[in-house]
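Chains as they are written, first to last, in our numbering: chain A, 878 to 1238; chain B, 878 to 1238; chain C, 389 to 787; chain D, 389 to 787.
Yeah, the Cβ is synthetic: ideal placement off N, Cα and C, and Gly gets one too.
No experiment lies behind these values; they were computed from the predicted model shown.
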Ligand code: SRM
Ligand code: SRM
Ligand code: SRM
Ligand code: SRM
Ligand code: SF4
Ligand code: SF4
Ligand code: SF4
Ligand code: SF4
Ligand code: SF4
Ligand code: SF4
Ligand code: SF4
Ligand code: SF4
């Protein structure tokens, strides 16, 4: 099946020049856009200085897609917008139309194919996520399955623009946090809660002990010999299950069906609008890992979204809302338990303590 | 001169009960105060639920006082307020009058004795300070002399209430910061800038090497032997001149007339009013140690006060004002140079970097 | 474990993820498995993971294409006997076109190549921005690569290298772009082809370009070097349009003025006034009134440094390195700056230390000295509050 | 070096500090030197320090009174031959009466004792709150102490002990005191006489009591245990007085409502409304309108822990330990709490480690476990942002 290349080998050409792929209307008005309007959830209209109007129809994708589906998108692009489309930084797909009249037919076709239109304005957009059990060795949980389960429950939040502000959820399947978990309105994070099980037999063959020792943020790993061969030992109380040792050394697996789980984080953002970018903070330290539909995780996320939608003011991101009402109120409103795990005990922990007498009762 | 005690030895009696010293009007209305008014700079009137009025006249003291002066205060108390007085948490003295008509005569007497009345409301109060060359072995500079020089220059700021808010200056003669330097609107801090000179000969006699090593926040001190005896060596680049080693070991003196100096810090506060308590931040890293009147220090402090007085809004403490206008503006307005020393490089340094694109131009 | 009746894998758990209104990745894998045995075994192994609540991939190995050190993530099943088609299941990271624009033809070309050489499964896109071609065997890597190359595509980054830079849609469709994000992203990507394909660093290095402070590519959270567009002069105001918004029901005072972080706007019911000296360029007012307000005309970008995920000293957000670079000087400034940063990182960085962590460790002042940048107050949220100043011993601390 | 003409010390530099309107400490030392040779030599040595820009005190030694381990700071001149009267120059820390109230008689008694036994120089008061009697010789310590004791005064703290607790004037003269600061300060001081006089800790331990969140004794910055008064119910409002303030020219909207940290007040030009649920008890509105607003009636205090100066891991502010203790329960609660804190500190604290630093090192959660307090969200400004959670391995992290 393989077609061997016949021409001389090509390397280092870099990505194709973006101009090759721009719709003519975009090329013409490049850098000359004047303003935009949101015509409906998922439908933007950008107006150029020239008076030209570009219509964007944004639809959700599952990100993990078969070439069959991509071809369907290509067909839609041919049908409605001269074969031009783009993807967004949150894995949505955007069709760029010149003709306003194509909006509705395109939306119908997308609906038929099962790709919801939305994610614009003050709505929930697609969940930025990672590989999970589909491809990564490091995953404490699956990613795509949780995303699907959560978005099924929050479908209307994507197709409607009735939230106080933009809402961004991210999901990562381990502490490496490939994605934006550390700065999302709501983040779902796969976690381990038991230390790695050292595979002494294979360790010397597959890892360098000094690198392995250096990999541990808390210094929990010490050199040791096992049956006369170099290996390591673990001070279990010093382990906080980050998995960095496993990243550098396959002989330190952490996966554990019984004890792997999920944690929920809230209040991060990256935009500079109004408030400075913020990290997400711990909301729920541990939820069980229950495929195929992770009901506990779905409930927790839906709970946060509902409470936020009900209580936040217009244009208030989740973190801005919580900072206004205070974290005690957040825990009251959601009913989540506040535990010792919520209190930071890592490097800068002291700076997270409440160092004032300003308290709400 | 010594009068040996004749009675059995008395210990652990604790301080005298405060009630013994309370003016009758205070005793009567204890816990029953209703409100207060500031009648003039340095003159308060507290009104009790009973309708009683207590007049307070507050005067500055140099804190470092001879018994001769204290007796003069006692005489004034006898003359005007039934022999009752108190000191404040900032080393001012307060006369507590029942009779409003005694206010002016008392003020006259105080003026004659050279003790300015003021420090209330939105004014500069007395400078909280420390021992300096008057009594401490640790001092990088004198304290009382600087306080005197600065307050001479800022005299009117004490006797008038025309500042945007309360203004609190503190002075400490070394990094131990006996006082409130770390949380003051403006703080003056004596500093060393060269490492301790190890006195190898005496060291083993006067200190314990392990304690000495443990005392260094940066781990700059290492065990070593000197002429066969236990001593220490110093990684000079790791020393930031905190003096903690000297505190635990007399054989590590840092005092150095050429290189000791002063630094100026701004924007701290301790009250919870409006904003949470704040640490003071570095404004000027180094000024020379120039007794007897430290003109460079006086100039820098006066500069800050003037710029603050001119630019801050009503009720804005120094730190609140700077946070509103931004640190770049503070450096522009004062003309202080922003240097590499202003950028934190200690433990939590990363959290002080500007982690947003929000910038004023 | 397969359904005896039709030879299709039995996926009772995964099947539950075909239900519900959101597009289903399970349907996608099933679609791909029409044409690809690899996709079928992926489905089977994934079902197993769902049953056992445990991943079944081995720790990756080094595989790749000739002359490149990256662009491929090696992946092997830990149940190769049961799922032979995913015994090898490497991903290829293909450098996406800036802004993620495609023609339908380009998209079909990729599909065709991948259908021939791989599982037919993709990620559009990976978190760094690449086209992720998900799952093939070692022998297919080079042919896939060359076919892609013949069609104008190249691999993206992986390992201790420059990672595929990405950017927001910028001037192609956004009225707020303060510099040409797609061009700069493209130029930077081309400039560092060698650093991208041949890992030679201590760790990864990511660039992200956002045209304005809304930061639609999360550059401040996810890039070692974050370039965020902004402007220096006054916000452009169209008074008539402000009035129109007000007339249309926007509460200018509450929704705009009160939410300005520096409260630098006034609204008297008729006219919006802005004291631009106090504006921190947060975008909020412009976001709410896009037809009435626009960034100023003196445009460029803030350059920030050091963001990353938590491992190992805690997550970092990028922090200001250069408060403003005019748009036309951006490429040259970045090239010069990046050279110095990489030199410093090369000299002082330890193994697997991101540049942000290096700065934390050696201190920003030392880093600035090292790369020859003057400190400015815009770099800090506040000056230090501890008195632990490392004065230069040489001159006894005098400034 | 003395003036030949009159035998008085020549103090050209210090003399310059007699000029200017602010009260002069040099005049004070000169006044004391009328009656005390010690004060004269102090002046001489200080002039030398001013000339040489260098202190002339040796590192202190252990001196004290019988049976006490603290209360005296030993001090010796490093130029004892030149300044023999300050060869020994110890200070005595005398525990001030709560609130720093004195009768003129009490003050004179102290003066008389100190004139007989010491330099006649004092600090009214030291930064911790003590009466500082500045400069005497070792042999005078015990007699001074016993004379003080006979007159009802005792020594304060020094060394690794409880330090002299202090408090704001509170109910004696302030309408805002939410608990009786002077009484609590007195009671606590009496309760811990042994811990105050006989250093047995790893380091010092300070108490400070402020009657309301204005914190007029800087307790949140300077005490290991900071007790700050507050209230739980609604702010008491006298509408008529609010109107009077407005009539008198106070801009209620700007000076009060706009500066409320949670913007929880409304002003319609006539009536001030407060949504007390959002009030953080900062005191600002009450401070500005003392005649009209007052703290609520359900009063008590916040208990905070851990403030200290920078040495050695950087300065700390106290942080919330118990969000609210009713006024009448304060003494008992504190006693029980302090017992547990000291036990934990005793067990886990290292040499010269303040309790705040211990908490930083072992982590607040471990500290709370240790002293048996339940975590509540009021303890933190925000929950953790790093995912480095030390789950209890026993139960696999399930809550
Ligand atoms: C298409 C896309 C850029 C791209 O190159 O792909 C994009 C496009 C636009 N963004 Fe964005 N943003 C896009 C990702 C982001 C991200 C990044 C992310 O989500 O990971 C952010 C930062 C989010 C955060 O802070 O956590 C982002 C923060 C914003 C904001 C600031 C929102 C805020 O108030 O914090 C605006 C302003 C607004 O919406 O009023 C904005 C506004 C816009 C505008 C209105 C810009 C314009 O004039 O064209 C575009 C339509 C927005 C909409 O959906 O309503 N865009 N935008 C991205 C669409 C992602 C998606 O499919 O949902
Ligand atoms: C006498 C004294 C308490 C004592 O027990 O000795 C005291 C007494 C009063 N303070 Fe204070 N404060 C005293 C030290 C403090 C301190 C501590 C310090 O300065 O070291 C603070 C914290 C300062 C800080 O934040 O850095 C302090 C922060 C306040 C505040 C909050 C000011 C603010 O806006 O941040 C108020 C409220 C006000 O003034 O409106 C206040 C208000 C008051 C009132 C009005 C309380 C009352 O109703 O009686 C008293 C008269 C204030 C005045 O001077 O205008 N008091 N006050 C202290 C006088 C010190 C002096 O001689 O200047
Ligand atoms: C594929 C992708 C996730 C996805 O599903 O989209 C991914 C997948 C992996 N990442 Fe990532 N990272 C991906 C984007 C990110 C991002 C987001 C970004 O680039 O914007 C981050 C956070 C930002 C950052 O760089 O800090 C990220 C932070 C990490 C880290 C932690 C790095 C750190 O310094 O903290 C690791 C661990 C490592 O490097 O050893 C990591 C390691 C990995 C490895 C290589 C696993 C490993 O331990 O070696 C994963 C391979 C999975 C697989 O089997 O394919 N991945 N990784 C993303 C790359 C696709 C692409 O090229 O477009
Ligand atoms: C006398 C006094 C300064 C003054 O002029 O008022 C003072 C004087 C000394 N302090 Fe202090 N401290 C004094 C209040 C403070 C305060 C303020 C307070 O208590 O509110 C602090 C900051 C708050 C705190 O405790 O953190 C303070 C923080 C220190 C430190 C640093 C402690 C730390 O943990 O960071 C040291 C160093 C040490 O303990 O070894 C120190 C050490 C010292 C020593 C004993 C010097 C030493 O290295 O051993 C000083 C003796 C000077 C002398 O010759 O008399 N002094 N010291 C204050 C005590 C008078 C009193 O009893 O009323
Ligand atoms: S978050 Fe972890 S498990 Fe998920 S793709 Fe990234 S490295 Fe793999
Ligand atoms: S999982 Fe993390 S904390 Fe635990 S041993 Fe490995 S590297 Fe260390
Ligand atoms: S600040 Fe330093 S020098 Fe000054 S009294 Fe305190 S310990 Fe001594
Ligand atoms: S002065 Fe401070 S930093 Fe320098 S050696 Fe001594 S303890 Fe260490
Ligand atoms: S970052 Fe700014 S310029 Fe880029 S797409 Fe978003 S809003 Fe437009
Ligand atoms: S851009 Fe932001 S800071 Fe500037 S005026 Fe608008 S809202 Fe205010
Ligand atoms: S802390 Fe509060 S109660 Fe105490 S004196 Fe100050 S204002 Fe009054
Ligand atoms: S006390 Fe402070 S927080 Fe409460 S209403 Fe008054 S100003 Fe607002």
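Fewer than three Cβ pairs drawn from the region 1021-1032 of chain A and the region 963-976 of chain A lie within less than 8 Å of each other, which leaves the two stretches out of contact. Proximity of the beta carbon of residue 515 (chain C) to ligand 3 is indicated: a heavy atom of the ligand is located closer than 7 Å.
For residue 655 (chain D), the enclosing beta strand (DSSP E) stretches over residues 653-655.
In chain order, 1234 and 1236 make up the part of chain B whose C-beta sits under 8 Å from the C-beta of residue 690 (chain C).
Counting only runs of 3+ residues, the beta strand (DSSP E) found wholly inside the region 1106-1188 of chain B occupies 1106-1111, 1138-1143 and 1158-1165, in chain order. Counting only residues of its own chain and dropping the five nearest sequence neighbours on each side, residue 1026 (chain A) has a CB closer than 6 Å to the CB of 1170, 1171 and 1175. Here residue 590 (chain C) is buried: its Cβ has 16 or more other Cβ atoms, across all protein chains shown, within 10 Å.
Residue 599 (chain D) has its CB nearer than 7 Å to a heavy atom of ligand 11.
Just so you know, the alpha carbons of residue 626 (chain C) and residue 667 (chain D) end up roughly 39 Å apart.
Membership of residue 707 (chain C) in the beta strand (DSSP E) is indicated by the continuous run 707-714. Residue 690 (chain C) has C:616 as its beta-bridge partners, per DSSP. Between residue 406 (chain D) and the set D:418, D:719 and D:463, the nearest pair of CA atoms involves D:418. Residue 687 (chain C) and residue 563 (chain C) do not touch by the CB rule: their CB atoms are close to 12 Å apart, not below 8 Å. When Cβ-Cβ separations below 8 Å define contact, residue 1221 (chain B) makes contact with chain C. Considered as a whole, the region 703-782 of chain D harbours 707-714 as its complete beta strand (DSSP E) runs of no fewer than 3 residues, in chain order. For secondary structure counted as the beta strand (DSSP E) over 3 or more consecutive residues, the region 503-571 of chain D holds these complete runs in sequence order: 509-512 and 519-524. Not a single heavy atom of ligand 6 lies less than 7 Å from the C-beta of residue 1015 (chain A). In the structure shown, the three-state DSSP call for residue 1018 (chain A) is coil. Taking a C-beta distance under 8 Å as the contact criterion, residue 1238 (chain A) and residue 712 (chain D) qualify as a contact pair.
In the three-state scheme derived from DSSP, where H, G and I count as helix and E and B as strand, residue 1224 (chain A) is classed as coil. If you draw a straight line from the Cα of residue 1205 (chain B) to the Cα of residue 620 (chain C), it comes to about 15 Å. Distance from the C-beta of residue 1051 (chain B) to the nearest heavy atom of ligand 7 is below 7 Å. Nearest to residue 985 (chain B) by alpha-carbon distance, out of B:1122, B:956 and B:1212, is B:956.
Under the Cβ distance rule, residue 769 (chain C) counts among the residues neighbouring chain B, one pair being separated by less than 8 Å.
With the rule of 3 Cβ pairs closer than 8 Å, the region 1107-1122 of chain B does not count as touching the region 417-435 of chain D.
Check the Cα spacing between residue 980 (chain A) and each of A:1052, A:967 and A:995: the tightest is with A:995.
The continuous beta strand (DSSP E) containing residue 962 (chain A) extends over residues 961-964. As computed with DSSP, residue 1003 (chain A) is found in no beta bridge at all. Chain order gives the chain A residues near residue 605 (chain C) as 966, where near means a beta carbon separation below 7 Å.
According to DSSP, residue 1068 (chain B) shares a beta bridge with B:1138. The shortest C-alpha to C-alpha distance from residue 778 (chain D) to any of D:761, D:751 and D:758 is the one to D:751. In the DSSP assignment, residue 638 (chain C) falls outside any beta strand (DSSP E), carrying neither H nor E.
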